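A short write-up of the structure that comes next.
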Amino acid sequence: MRILVSNDDGIQSPGLLALATAAGAFGSVRVSAPDGEQSAMGHAITVDRPLMVNPARVGSAEGIRVNGTPADCVALGLHHWRGADLVLSGINLGSNLGHEIWYSGTVAAARQAALLGVRAAAFSLIGAEMGEADFQASLPYVERVIRLLLEQPALRLVNVNLPPQPKGMLWTRQSVRAYEGRVVTGQDPYGRTHYWLTAAPLSDPEEGTDRWAAEHGLVSVTPLHMDLTDGAIWESARAKASEMGFEIIGRL
Ligand code: MN
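In the working numbering, each number is its position in the sequence shown, counted from 1, plus 45.
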């Protein structure tokens, strides 16, 4: 088993070390991670400049650090290490629940692997944003998810969120409650207006979702798929479009 480990918090993150160490129990491990912080980069890839790669070591795992995004790192990691069986991303310092999945570099790193045909999982430690991260209680669950991936080849992309002291594990769906994004205005020392993008915390998550699991102290495991088609509305939207003449094809 060849496991590539990546993240979006950068090559120095203690979460990367924790995940690479845990992965070591399942096979040979290499790392490919950004030089520095790349959180909230989503699935960006670098196309306007060349990428540079330098050797790196994380614990006992060798690998590379890249001056690019998380998705770049996985693309380059898989380029340099062909035949990797599994890509693990994280452990992110902070949650990736509900709509956070759209912005997450951690999830994007895993998704980049799935796009390239390699199965992957993203791991995030809830509440670790402030720098104090203790991975000990989560590690048995990280190992459990890796075993799950090894047992079930149908699982292609999985998003895992770990509470600080897990009480158990739950198979969840992504919470899709409206994201309450806010722009906070301030002033810099020179009197110029600046802006912070923030989000109001959501409460009352839908039962059985990733946010719900998090609120109940449970490890959330959500299988993600790559097809973004809105299956529920596809048929009705198509019928309406047809009525409006959108689907009348002239000459091909
Ligand atoms: Mn991050």
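We treat Cβ as the ideally placed atom computed from N, Cα and C, and that holds for glycine. Because the structure is a prediction, the values reported are computed rather than measured.
| Query | Result |
| --- | --- |
| For E107, which residues of its own chain have a beta-carbon under 8 Å away from its beta-carbon, when the five flanking residues on both sides are left out? | R75, V76, P100 and A101 |
| By the three-class DSSP mapping on this structure, what secondary structure does Q298 have? | Residue 298 lies beyond the residue range present for the chain, which begins at 46 and ends at 297; the question has no answer from this structure. |
| For ligand 1, which residues have a Cβ under 5 Å from at least one heavy atom, in chain order? | D53, D54, S84 and N137 |
| Taking only three categories from DSSP, how would you classify I278? | helix |
| For the alpha helix (DSSP H) that contains W126, what are its first and last residues? | Counting along the chain, W126 falls outside any alpha helix (DSSP H), and DSSP gives it neither H nor E. |
| Which residue comes first and which comes last in the alpha helix (DSSP H) that contains P59? | P59 to A68 |
| Tell me whether the stretch 156–169 and the stretch 125–140 touch, counting them as touching only if at least three CB pairs, one residue from each stretch, are closer than 8 Å. | yes |
| State the Cα-Cα distance for the pair S314 and G113, rounded to the nearest angstrom. | No answer is possible for residue 314: it lies beyond the span of the chain, which begins at 46 and ends at 297. |
| Per DSSP, N206 forms a beta bridge with which residues? | S169 and S265 |
| In whole angstroms, what is the alpha-carbon distance linking E288 and S281? | 11 Å |
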